[in-house]
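J.: Below you'll find the structure I mean.
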Amino acid sequence: MTNISAQGIWLLARDKELFLPYEDFPWFKDAPVGAILKVEEPRRGHFYWPDLDVDLTEEIIEHPERFPLVSRKSAVDGPRPSGRGPRGRAEPGHDGD
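Taking our numbering, the leading residue of the sequence shown gets 4, the next gets one more, and so forth.
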């Protein structure tokens with residue numbers, strides 16, 4: 004992480020900086036700083052925030068328009084991610100059910 008601002012967060016991935024605007028990645032907007040800073044890269048280009056249960060690829064970060072937000076609302080827990088792809092975004096070819 005290189006910066007957290009009112010507009011979004013910046014993630015340094017090897018030789019480039021990736022911007023995650025809150026508009027496209029709302030899970031980070033009200034998250035504690037410590038949870039945002041705790042990011043893992045289990046595979047090259049695949050990022051996971053364990054405290055937030057957010058799982059994103061570099062492709063999703065660079066092209067969020069290709070992966071519309073998808074969630075199911077649970078009466079107990081609130082919005083829940085659907086699909087087997089990155090949390091909260093539909094995986095290509097998967098309708099979220």
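For glycine and all other residues, C-beta sits at the position ideal for the given N, C-alpha and C.
Could you tell me the alpha carbon to alpha carbon distance between residue 63 and residue 35, rounded to whole angstroms?
T.: Here residue 63 corresponds to residue number 60 of the sequence shown, with the count starting at 1. Here residue 35 corresponds to residue number 32 of the sequence shown, with the count starting at 1. Residue 35 has its alpha-carbon roughly 22 Å from the corresponding atom of residue 63.
J.: Would you list the one or two residues that DSSP bridges to residue 24?
T.: The sequence position of residue 24 within the sequence shown is 21, counting from 1. BP columns for residue 24 point to 11.
J.: Rounded to whole angstroms, what's the CA-CA distance from residue 78 to residue 18? Just pull it up for me.
T.: In the sequence shown, the residue the question calls residue 78 occupies position 75. In the sequence shown, the residue the question calls residue 18 occupies position 15. Its pLDDT being 40, under 50, residue 78 is placed unreliably by the model, and nothing is read from it.
J.: To the nearest angstrom, report how far apart residue 21 and residue 7 are at their CA atoms.
T.: Taking the first residue of the sequence shown as 1, we reach residue 21 at position 18. Taking the first residue of the sequence shown as 1, we reach residue 7 at position 4. Residue 21 and residue 7: Cα-Cα distance of roughly 12 Å.
J.: Quick one: what's residue 42 bridged to in DSSP?
T.: Locating residue 42 in the sequence shown gives position 39, counting from the first residue. Answer is none; residue 42 lacks a bridge partner.
J.: Just curious, the alpha helix (DSSP H) that residue 65 is in, first and last residue?
T.: Reading the sequence shown from its first residue, position 62 is the one you call residue 65. Per DSSP, residue 65 belongs to the alpha helix (DSSP H) from 61 to 65.
J.: Considering only the alpha carbon of each residue, which of 66, 48, 32 and 52 lies closest to residue 41?
T.: Start at 1 with the first residue of the sequence shown, and residue 41 comes out as number 38. Among 66, 48, 32 and 52, the Cα nearest to that of residue 41 is on 52.
J.: Determine the extent of the beta strand (DSSP E) in which residue 52 is found, giving its start and end residues.
T.: Stepping through the sequence shown from its first residue, residue 52 is reached at position 49. Under the DSSP assignment, residue 52 falls in the beta strand (DSSP E) whose first and last residues are 49 to 52.
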